[in-house]
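Report on the structure given below.
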Ligand code: 4GS
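Here you go:
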């Protein structure tokens with residue numbers, strides 16, 4: 072998969088893509104990530120890409136011209152163009168799984184108060200939010216989307232069965248995990264996990280996961296398929 076990130080701060084991404092699983096996926100050639108600085112598409116020599124909002128109000132708005140040119144500089148027939156903003160539909164595991172099958176993703180990060188609506192209307196296929204809060208900088212949202220999505224690209228996760236077992240894949244939380252030592256500061260590992268009865272362990276994990284989901288996120292169980 073190829074991913075193009077359109078933002079005002081390409082340098083923002085250096086850390087996250089240079090460590091751990093994302094680095095491995097990039098080194099293995101499973102994903103290619105490229106950066107485009109929207110500022111390179113300014114039409115003035117100062118590199119200015121924002122302006123005051125028509126109708127008044129606080130803050131600045133990203134101008135349509137530079138954003139349109141930045142998108143068109145990397146757009147192809149098979150591209151899916153995504154705008155990350157709090158006004159989008161909320162990112163879920165199933166959306167990540169769906170996006171993981173795309174060949175070419177163009178991610179437009181939000182900056183300032185927002186982006187001129189006309190370029191969004193003309194160029195964007197989908198608007199996605201990583202959650203109901205406002206970031207100072209849309210680059211974080213692109214990192215979250217990429218990180219959560221690449222787990223669904225075959226070969227990225229060493230144990231593919233873990234992808235299915237993790238939270239949300241089955242509409243409920245993951246179950247609690249324990250490792251050595253058996254007793255930590257007086258607290259024991261639940262007995263059932265030490266017995267080696269796989270069916271019992273599976274039953275216990277399901278019950279634990281469901282109990283916590285019901286307590287913390289009852290909304291997830293409304294669409295229950297268990
Ligand atoms: C989100 C979000 C976000 C909106 C970026 C205000 C800076 C900010 N992007 N999901 N301008 N939530 N973007 O908060 O995607």
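In the numbering used here, the protein residues as written are 72 to 297. Glycine residues also receive a C-beta, built at the ideal position from the N, C-alpha and C atoms. Bear in mind that the values here come from a model prediction, so they are computed numbers and not experimental data.
Closest residue to residue i among the options (Cα-Cα distance)
| i | options | result |
| --- | --- | --- |
| residue 194 | 105, 232, 139 | 139 |
| residue 83 | 101, 107, 103 | 107 |
| residue 148 | 237, 279, 182, 196 | 196 |
| residue 102 | 286, 217, 231, 278 | 217 |
| residue 174 | 280, 74, 292 | 74 |
| residue 244 | 113, 285, 180, 202 | 285 |
| residue 121 | 161, 183, 127 | 183 |
| residue 219 | 126, 80, 168 | 168 |
| residue 99 | 87, 125, 72, 112 | 72 |
| residue 223 | 186, 144, 268, 170 | 170 |
| residue 142 | 198, 256, 112, 246 | 112 |
| residue 128 | 185, 160, 162, 95 | 185 |
| residue 136 | 191, 215, 130 | 191 |
| residue 155 | 274, 123, 131, 207 | 207 |
Cα-Cα separation, residue i to residue j
| i | j | result |
| --- | --- | --- |
| residue 85 | residue 97 | 13 Å |
| residue 271 | residue 261 | 12 Å |
| residue 177 | residue 90 | 22 Å |
| residue 250 | residue 264 | 10 Å |
| residue 118 | residue 211 | 23 Å |
| residue 291 | residue 200 | 18 Å |
| residue 241 | residue 226 | 21 Å |
| residue 189 | residue 133 | 11 Å |
| residue 233 | residue 110 | 40 Å |
| residue 228 | residue 114 | 43 Å |
| residue 278 | residue 258 | 21 Å |
| residue 230 | residue 236 | 10 Å |
| residue 165 | residue 181 | 23 Å |
| residue 187 | residue 125 | 10 Å |
| residue 269 | residue 159 | 42 Å |
| residue 293 | residue 116 | 55 Å |
| residue 266 | residue 281 | 22 Å |
| residue 213 | residue 254 | 41 Å |
| residue 153 | residue 256 | 48 Å |
| residue 238 | residue 163 | 11 Å |
| residue 273 | residue 131 | 53 Å |
| residue 123 | residue 150 | 31 Å |
| residue 215 | residue 146 | 22 Å |
| residue 248 | residue 144 | 46 Å |
| residue 198 | residue 172 | 18 Å |
| residue 283 | residue 95 | 33 Å |
| residue 297 | residue 221 | Low local confidence applies: a pLDDT of 46 at residue 297 is under 50, so the model's placement there is unreliable, with the coordinate-based value given in what follows. Straight-line Cα distance between these residues: approximately 26 Å. |
C-beta neighbour in chain D for residue i, strict 8 Å
| i | result |
| --- | --- |
| residue 281 | Included in the structure is just one protein chain, with no chain D present. |
Residue i CB to nearest heavy atom of the ligand ZN below 7 Å
| i | result |
| --- | --- |
| residue 160 | As presented, the structure is devoid of the ligand ZN, carrying the ligand 4GS as its sole ligands. |
Beta-carbon proximity of residue i to residue j, cut-off 8 Å
| i | j | result |
| --- | --- | --- |
| residue 157 | residue 205 | yes |
| residue 301 | residue 77 | One cannot answer for residue 301 here, as it falls past the ends of the chain, which runs 72 to 297. |
| residue 161 | residue 209 | no |
| residue 246 | residue 288 | no |
Supposed contact pair residue j and residue i - C-beta distance, whole angstroms, cut 8 Å
| i | j | result |
| --- | --- | --- |
| residue 88 | residue 104 | 6 Å |
Threshold first: 4 residues or longer. Then list the alpha helix (DSSP H) segments lying entirely within the stretch 194–227, N to C.
Listed in chain order, the complete alpha helix (DSSP H) runs (minimum 4 residues) inside the stretch 194–227 are 210–221.
Residue ranges of each beta strand (DSSP E) within the stretch 150–182, 3 or longer
150–161, 175–180
Any chance you could list the beta strand (DSSP E) runs of at least 3 consecutive residues sitting entirely within the stretch 92–151, in chain order?
Correct list: 103–108.
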